[in-house]
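Remarks on the structure that follows.
Residue numbers (full-length UniProt numbering): 1 to 148.
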């Protein structure tokens, strides 16, 4: 049913259950698991970075390190289940990069995590998950993680 599954993750607790779900699905369907971490360009471009002399020390570099660590952790978990992984770290607006990656790589299913946010947060900022659900042509599975 699924040959290529995309797990889009930010490495936060809201992605924990989605990661486990995506790995189980990939193992069940003998599918390739694509894991995508997007370094949000809006986050680091909004930051002046005045206290950084070397631009590699700025927030962009820190976000890349988080992304690399996140991809490595998913790869290790997937290997425990015999699931092959394609790891990708990209820069851009997360919802756009996720949808574009899915379109360009023949993805059958996108798996995303979500967690509960206060109503005020959602009304002001929305969420990457909400945007992907609205924009993607592929099936999208949203997996909730309760965060205390």
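Positions of the beta carbon are idealized from the N, C-alpha and C atoms, including for glycine.
This structure is a prediction, so every number in the text was calculated from the model and none was measured.
- The C-beta of residue 65 has fewer than 16 other C-beta atoms within 10 Å across all chains shown, which makes the residue exposed.
- The distance from the Cβ of residue 113 to that of residue 133 is about 13 Å, inconsistent with a contact at the 8 Å cut-off.
- Under the three-state reduction of DSSP, residue 81 is assigned to coil, being neither helix nor strand.
- In the structure shown, residue 12 falls within a coil segment according to DSSP collapsed to helix, strand and coil.
- One thing to note: residue 36 has its Cβ no nearer than 9 Å to the Cβ of residue 109.
- Per DSSP, residue 98 is one residue of the alpha helix (DSSP H) stretching across 94-104.
- When the five nearest sequence neighbours on each side are left out, the beta carbons in the same chain lying within less than 6 Å of the beta carbon of residue 98 are those of 8 and 132, in order along the chain.
- In this structure, the alpha-carbon of residue 39 lies about 6 Å from that of residue 63.
- The beta carbon of residue 71 is closer than 7 Å to those of 35, 37, 87 and 89 in its chain, skipping five residues each way along the sequence.
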